[in-house]
């Protein structure tokens, strides 16, 4: 079985590695707007604060009276506590020797940029460039789980041209196709238990197409409701598997480079929220987001030139659909400054039964703070800070190539800070 497993435990999870250092669960990233980050993205689909509404709800462009450009980034610093690993309790034997430092998430920056322009009283045009999905995890080379995963990097960049249409004074709709570029790279040491320096490196990329659509309704002069749908996107990653250092004995795979493809579908999601302007000072937000992570129930990879014994492999993930809930508040301190705060509960798509070293995520709680500074009528500067804390999650994983067992308890946390500049003209 070893000739299957070196491949199965790498390429087949290339795009299923989770984002343990970013502020949304699974592969998803929330940091497409710093003005929204301050309220925990609670009013993402019901409040159009600036041009970042191109992502949050394209219908919200209809609320922008002038052309504007908005851009910025969020910086994330994460930490992972790994309690002393032990043999998998299912067998209690064959633990790979090594370390468990927990420094698996390097610092990351998530950029974004948007442009919106009114065409007339009814129509607006917008353009967005942002990152909807991404992960970086990097274990130390001596990690006990190195045969199951050493390095993972998956990123999707999206370009979204968009139009919105104001149906009447209360209702607007928006739609934009998305052009999505995915890149992935993984490394693992699949036979570490044998003392071999063998290593598998995988790279792949593709371009996929989807859409983003929304509706925004002013129910009253103070209450707004919004709904946004982000479609699934289908990819066929094409790349190479490069393996080196395998012992020259059967049934080890031949050292060298092998062409491979992997079909992957990023999940669709639906966000709904309400924004209530209580008075001239206070604005309240509440929202929920559903993500169809069950799209990642399993992943199938194919070799373009089959090796002896097999031509494709699959990896069962058993991910579940999730809900995220958020509430937020904004206080208009004076004409120049607005203060924001939010709280988010975010479900994990995986569980103790299926969690892996590449996907060590659990349920999350996120507290957010933010502020907006209207420098003048043309310029706004937004700041935000968020702290994420996960529940403890258990990893019980077996490398079927070697029979080695890995069991450990993970707990992730992260600090995020963002800045955004908006210019109106």
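Residue numbers (mature numbering (1 follows the signal peptide of the UniProt record, and there is no 0)): -24 to -1, 1 to 401. Note that the Cβ used here is the ideal one computed from N, Cα and C, for glycine as well. In this text the structure is predicted, and so the values were computed from the model without any measurement.
When DSSP labels each residue in this structure, what does residue 126 get in the three-state scheme?
In the chain shown, residue 126 corresponds to position 150, counting from 1. Here residue 126 sits in coil by DSSP.
Among 39, 163, 270, 147, which has the Cα closest to the Cα of residue 130?
For the purposes of this step, residue 130 is taken as residue 154 along the chain shown, with counting starting at 1. Closest by alpha carbon: 163.
Can you tell me the Cα-Cα spacing of residue 82 and residue 56, whole angstroms?
For the purposes of this step, residue 82 is taken as the residue at position 106 of the chain shown. For the purposes of this step, residue 56 is taken as the residue at position 80 of the chain shown. Going by the C-alpha atoms only, they are around 11 Å apart.
For residue 49, the nearest candidate out of 6, 100, 74, 59 (CA to CA):
Locating residue 49 in the chain shown gives position 73, where the first residue counts as 1. Checked all of 6, 100, 74, 59; the closest Cα to residue 49 is 6.
Decide if residue 383 is buried, meaning its Cβ has at least 16 other Cβ atoms within 10 Å, or exposed.
Start at 1 with the first residue of the chain shown, and residue 383 comes out as number 407. The residue in question, residue 383, is buried, as its Cβ has 16 or more Cβ neighbours within 10 Å.
Ignore the nearest five residues each way along the sequence and tell me which others in residue 85's own chain have a CB closer than 8 Å to its CB.
In the chain shown, residue 85 corresponds to position 109, counting from 1. Closer than 8 Å at Cβ, skipping near neighbours: 49, 50, 51, 52.
For residue 128, which option in 143, 156, 110 has the closest C-alpha, if you only look at C-alpha atoms?
To locate residue 128, count along the chain shown from 1; it is residue 152. Of 143, 156, 110, the residue nearest in Cα terms is 110.
Cβ neighbour criterion (16 or more within 10 Å) applied to residue 42:
Position 66 of the chain shown, counted from the first residue, corresponds to residue 42. Classification for residue 42: exposed.
Buried versus exposed, by CB contacts within 10 Å (16 or more), residue 261:
The residue you call residue 261 lines up with position 285 of the chain shown. So residue 261 ends up on the buried side.
Output the boundary residues of the beta strand (DSSP E) element that contains residue 344.
As a first step, residue 344 is located in the chain shown; it is residue number 368 there, counting from the start. Counting along the chain, the beta strand (DSSP E) containing residue 344 begins and ends at 340 to 350.
Using the beta-carbon count (16 or more within 10 Å), is residue 312 buried or exposed?
Residue 312 sits at position 336 when you count from the first residue of the chain shown. Residue 312 is exposed by the Cβ-count criterion.
For residue 258, the three-state DSSP class (helix, strand or coil):
To locate residue 258, count along the chain shown from 1; it is residue 282. Of the three classes helix, strand and coil, the one that applies to residue 258 here is strand, per DSSP.
Please confirm whether residue 215 and residue 16 have their CB atoms less than 8 Å apart.
Along the chain shown, one-based indexing puts residue 215 at 239. Along the chain shown, one-based indexing puts residue 16 at 40. Going by C-beta atoms, residue 215 is not nearer than 8 Å to residue 16.
With 16 other Cβ atoms within 10 Å as the buried cut-off, status of residue 435
Past the edges of the chain, shown from -24 to 401, lies residue 435, and the structure says nothing about it.
Rounded straight-line distance, which links the Cα of residue 322 to that of residue 268
Within the chain shown, the letter at position 292 stands for residue 268. Within the chain shown, the letter at position 346 stands for residue 322. So the two alpha carbons sit approximately 14 Å from each other.
Could you please give me the residues that DSSP links to residue 18 through a beta bridge?
Counted from its first residue, the chain shown places residue 18 at position 42. Answer by DSSP bridge pairing: none, since residue 18 is not bridged.
Across which residues does DSSP place residue 133 in a beta bridge pair?
Position 157 of the chain shown, counting from 1, holds the residue named residue 133. Paired residue(s): 157.
Close-in-space but distant-in-sequence residues of the same chain around residue 77 (CB under 7 Å, 5 per side omitted):
Residue mapping note: residue 77 aligns to position 101 of the chain shown, counting from 1. For residue 77, where only same-chain residues beyond five positions count, the Cβ hits under 7 Å are 116.
I'd like the ranges of any beta strand (DSSP E) spanning at least 3 consecutive residues and lying wholly in the stretch 182 to 215.
199 to 206
In whole angstroms, give me the CA-to-CA distance for residue 33 and residue 197.
Numbered from its first residue, the chain shown carries residue 33 at position 57. Numbered from its first residue, the chain shown carries residue 197 at position 221. Roughly 19 Å separates the two Cα atoms.
Which residues bound the beta strand (DSSP E) around residue 374?
As a first step, residue 374 must be located in the chain shown, where it is residue number 398. Per DSSP, residue 374 belongs to the beta strand (DSSP E) from 369 to 375.
Residue from 239, 263, 238 with nearest C-alpha to residue 250
If you number the chain shown from 1, residue 250 lands on position 274. Nearest option by C-alpha distance: 263.
For the putative contact between residue 200 and residue 23, defined by C-beta atoms under 8 Å, what is the C-beta separation to the nearest angstrom?
Residue mapping note: residue 200 aligns to position 224 of the chain shown, counting from 1. Residue mapping note: residue 23 aligns to position 47 of the chain shown, counting from 1. Rounded, the Cβ-Cβ distance is 7 Å, consistent with contact.
Look at the alpha carbon of residue 296 and the alpha carbon of residue 273, and state the distance between them as a whole number of angstroms.
Counting from 1 along the chain shown, the entry for residue 296 is found at position 320. Counting from 1 along the chain shown, the entry for residue 273 is found at position 297. Approximately 8 Å between the Cα atoms of the pair.
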